[in-house]
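Chemist: Residue numbering for the sequence shown is 1293 to 1455, as defined by this note's numbering.
C-beta atoms are modelled at their ideal positions from N, C-alpha and C, and glycine is treated no differently.
Mind looking over this structure? Questions follow.
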Amino acid sequence: MEYLCDMKMRQHTVVIYVLLIIALLGVFAYFCAMKLRHHAAFEEGLALAPQLPKAAAPYLAWIIPLLCFAVSALIIYGCVQPKLLTLGLWIYLALMLLFTGFIGYILLHPKEAPCECLGLDENWSWKKHLWVNTGILFITGLAIWLHYKRIVATIGNEDSENP
């Protein structure tokens, strides 16, 4: 947390930045918990998805939530190690682009749509998942932008302190 809170930016920007990071962690934590808690249903949903090879389902059912957990760990550890936070945020963005692209494909090919149990909430339609994922992508992009803004502000302050 030291890195997140020791910023040379306006205080409200710091608060927004920290809240965005917490929100992103919350999304992946919830996703990981639900997919591991309902592991059998998640694996079955992956096996029934016509877009994915059936043989990959047992592996993907573990890899996807564990990868999200690993990215969350990178972001958490990145609070004291800024390079890891940068890496974690970019991987988070890449995963969300992949998940959102998968949902977009499902919406373009509705006859091949798997069960909603693969998404963030099994009670949501794929269209709602697309809207939520788009919002998460926006939040991730904003967090990355504020992260780089923080880095530039830090470099600028170091230069002015050491003439």
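Measure the alpha-carbon distance for residue 1390 versus residue 1306 and round it to whole angstroms.
Modeler: So the alpha carbons of these two residues sit roughly 29 Å apart.
Chemist: Please check the pair residue 1379 and residue 1439, which I expect to be a contact at CB under 8 Å, by giving their CB distance rounded to whole angstroms.
Modeler: The Cβ separation is near 11 Å, so there is no contact.
Chemist: Using 8 Å for Cβ pairs, my map puts residue 1387 next to residue 1360. What's the rounded Cβ distance?
Modeler: Indeed they touch by this definition, with Cβ atoms about 7 Å apart.
Chemist: Should the region 1342-1350 be called in touch with the region 1417-1424, which here means at least 3 C-beta pairs below 8 Å?
Modeler: At 8 Å Cβ cutoff, the stretches do not touch.
Chemist: Alpha carbon to alpha carbon, how far is residue 1319 from residue 1413?
Modeler: Each residue's Cα considered, the two are about 11 Å apart.
Chemist: Within 10 angstroms of its Cβ, does residue 1430 collect 16 or more other Cβ (buried), or is it exposed?
Modeler: Its Cβ having fewer than 16 others within 10 Å, residue 1430 is exposed.
Chemist: Given this structure, state the Cα-to-Cα distance separating residue 1339 from residue 1406, to the nearest angstrom.
Modeler: Rounded to whole angstroms, residue 1339 to residue 1406 spans 9 Å at the Cα level.
Chemist: Here's the rule I'm using: 16 or more other beta-carbon atoms within 10 Å means buried, otherwise exposed. How should residue 1411 be labelled?
Modeler: Buried is the call here.
Chemist: Taking the runs of the alpha helix (DSSP H) that are 4 residues or longer, which of them lie wholly in the region 1328-1371?
Modeler: Within the region 1328-1371, the complete alpha helix (DSSP H) runs of at least 4 residues are 1331-1340, 1349-1369.
Chemist: Exposed or buried, residue 1364, counting other C-beta atoms within 10 Å across all chains shown (16 or more means buried)?
Modeler: By the 10 Å Cβ count, residue 1364 comes out buried.
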